[in-house]
Each structure stands twice: as structure tokens, then as C-alpha cells.
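What follows is a set of notes on a single structure, which appears directly below.
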Amino acid sequence: MLAAELVLGLLSRDEQAIAAARLASDARFAAEVPAWEEHFGALAWQVEAHFPPREVWGRIAAAIEARKASQSRWPRASMAMAGAAALVMLTVLVWPSPEARRAPNLAVATLVGPDLVVGARYAAKSGRMRVEIAGALPGPGRPELWILRPGMAPVSLGQLAPQGRSEMIMPRALRPLVQSGSEFAITIEAPSTTPHLRPSGPPLARGAIIFV
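Below, the structure is given as C-alpha cells:
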């Protein structure tokens, strides 16, 4: 359960360091972390409310009234049928289609490096991103988050807190870069209030972006 607790952010600082060490040395444990990311990412879906047009309620009422006319013959059956008709109508018109429910909204990534693990979650609809760092960062400087796309130079998303959770709103111009096949990466850079144009060295941790 350590991998699941790591993904959920339930570990203490000492336990995070233990998990980071296992990620670097235990291939099976390292494979469990992205699996739990996908599992909990699916649970994090927030289904938006879908309200039917006003005329739907009139159609439901009409269906119920039509059944009432035959109550003298089938009193109980008529109410059951009316209720079933209303339920079916609401299910068809209100419940989102399977395609809508499966629309890729949440992206997750687990960035792994020596003595370092970083979890990232990105909500495509809102552009909100959350990054959690666990483990040891080498030397001075601040961790900086990058998007890596094949055939493109790394693009900085800005600097993060050295430990724990950081949150940001992804700039709209950069949101199309968050796709399957892209990666998030972490480097250590000189402190700056604006994103750097290019990384000063190779990433300390990187991980593929997965939509769930």
C-alpha cells in the first residue's frame, strides 16, 4: 500500500524519503506508482451536471397523466409504467453519453529520478495543475517544471516549492502541449520569478503524461 499512499500524499516526510529510495531501487514498486495514479485519477473524475430542457418536464407530466386515464383498469401497473417512462426519459436526456464521460480531462504523471519522485496532476478543463515533490533536491537553486514534446525545445512552466505541493494555472497558450506522448520534467535552476527560456542541465526527474 506504500505506492498508493505515496500517490495520495499521505506519507510523512521520512516515509516519502523511503518511498523515493524504493523508486530508485525497486522496479516493481516503481511500476505500481503510475498504476495507482491511473486508478485514483479515474476516481477523481468530476461529472458535470446536465439539466434537461424545460419541455422535458412537460413531456414527463404528460406521460404520467396519460397513464392515469387507465388507472381504473390497471391502477398499480399504470403508476409503475409512468414512473418507468419518466426514469427512462431522464436517463436518456440527462445522463451524459459514454463518450462525454470518457472525455480526457485529467492528466497525471509520475516523475522519477535518483532519490526524487514528483507527482503531477493537470485538469484540462480548468487548466489547474498540482505538483508534489518528495525526496532530496541536490544543491542550491529552485525546482523548475518543464513540458517535453518530441521535436520541440523544452518549455518551462515556472518554478515550484522545493518540497511538498505547488499549484498553478497553466497558461492557455501552453495547454495544447499537454498531450499523450509529452512528458513533464524537473530541473534545478537559479531562482527566478519568470520561467527560464531553456534548462541549464539535464532533468533530475521526468515522466510521461497519461490521460485517465
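In the numbering used here, the protein residues as written are 30 to 241.
Heads up, the beta-carbon is just placed ideally off N, CA and C, and yes, glycines get one too.
Since the model is a prediction, treat every value here as computed from it, not as a measurement.
Original post:
In the structure shown, what three-state DSSP assignment does M118 receive?
Top reply: Below a pLDDT of 50, predicted positions are generally treated as unreliable, and M118, at 41, falls in that range; the measurement from the model is reported next regardless. Here DSSP, grouped into helix, strand and coil, assigns M118 to helix.
Original post:
How long is the line joining the alpha carbons of A106 and T139, rounded to whole angstroms?
Top reply: Its pLDDT being 47, under 50, A106 is placed unreliably by the model, and nothing is read from it.
**OP:** Using only alpha-carbon positions, find the residue among T222, S41, L31 that is nearest to D55.
**Re:** L31
Original post:
With DSSP run on the structure shown, which of helix, strand or coil describes T223?
Top reply: T223 falls in the coil class under three-state DSSP.
**OP:** Whole angstroms is fine: what's the gap from F58's alpha carbon to R51's?
**Re:** 7 Å
Original post:
Fully enclosed by the region 123-204, which alpha helix (DSSP H) runs are 4 residues long or longer?
Top reply: 127-130
Subject >> Helix, strand or coil at I217 according to DSSP, with G and I counted as helix >> reply: Three-state DSSP puts I217 in a strand.
**OP:** Could you check which residue in D144, N134, A60, K154 has the C-alpha nearest to that of I162?
**Re:** Selection D144, N134, A60, K154 evaluated against I162 yields D144 as nearest (Cα-Cα).
**OP:** Could you please give the first and the last residue of the uninterrupted beta strand (DSSP E) stretch that includes G236?
**Re:** Where G236 is concerned, the enclosing beta strand (DSSP E) stretches over 234-237.
Subject >> Distance between E61 and A33 (C-alpha atoms, nearest Å) >> reply: 8 Å
**OP:** Go ahead and pull the three-state DSSP assignment for M110.
**Re:** For M110, the predicted model reports a pLDDT of 48, less than 50, meaning its position is unreliable; a value from the coordinates is still stated below. In the structure shown, the three-state DSSP call for M110 is helix.
Original post:
In angstroms, rounded to a whole number, what distance separates the CA positions of T223 and A152?
Top reply: 23 Å
Original post:
Given 8 Å as the limit, is there contact between the region 196-205 and the region 228-241, that is, 3 or more CB pairs closer than that?
Top reply: no
Original post:
Hey, would you say I215 sits closer than 7 Å to G170, going by beta carbons?
Top reply: no
Subject >> Span separating the alpha-carbon of L174 from that of S185 >> reply: 6 Å
Subject >> Reference V160; option with closest CA among E44, D43, A234 >> reply: A234
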